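J.: Take this structure first; my questions come after.
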């Protein structure tokens, strides 16, 4: 994130009004754009959802948690959380 000088980007009237409230202090203005959910941009969310669905299907077909640990390289507790 880059700092901008408010005097350079705001109309003079708005700059004067803002100065009455935050004169000389730093002010953070959050983005009005809606943030994307985790993993939606990189595809990670889709990958993990598909992987977890596959684990659940294997578990329901009788594959044990220990076998799933070996196949997916995850801990026993992690597999248990996904399949339950």
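Residue numbers (my numbering): 33 to 116.
Think of the CB as a built atom: it goes at the ideal place given N, C-alpha and C, for glycine as much as any other residue.
Treat the numbers as computed from the prediction; the structure is a model and nothing was measured.
Could you check which residue in 84, 63, 93, 58 has the C-alpha nearest to that of residue 105?
T.: Position 73 of the chain shown holds residue 105. Closest option to residue 105, Cα to Cα, is 84.
J.: Look at the alpha carbon of residue 74 and the alpha carbon of residue 86, and state the distance between them as a whole number of angstroms.
T.: As a working mapping, residue 74 is identified with position 42 in the chain shown. As a working mapping, residue 86 is identified with position 54 in the chain shown. Taking the straight line from one Cα to the other gives about 20 angstroms.
J.: Check this for me: beta carbons of residue 101 and residue 108, under 7 angstroms apart or not?
T.: Your numbering for residue 101 matches position 69 in the chain shown. Your numbering for residue 108 matches position 76 in the chain shown. Contact: yes.
J.: Quick one: grab the DSSP three-state call for residue 3.
T.: The structure shown does not extend to residue 3, since the chain is modelled only from 33 to 116, so the question has no answer here.
J.: Skipping 5 residues on each side, what residues in its chain have a beta carbon closer than 7 angstroms to that of residue 112?
T.: Indexing the chain shown from 1 puts residue 112 at position 80. Excluding sequence neighbours, residue 112 sits near 97.
J.: In three-state DSSP terms, what is residue 84?
T.: Taking the chain shown and counting its residues from 1, one reaches residue 84 at position 52. Residue 84 falls in the helix class under three-state DSSP.
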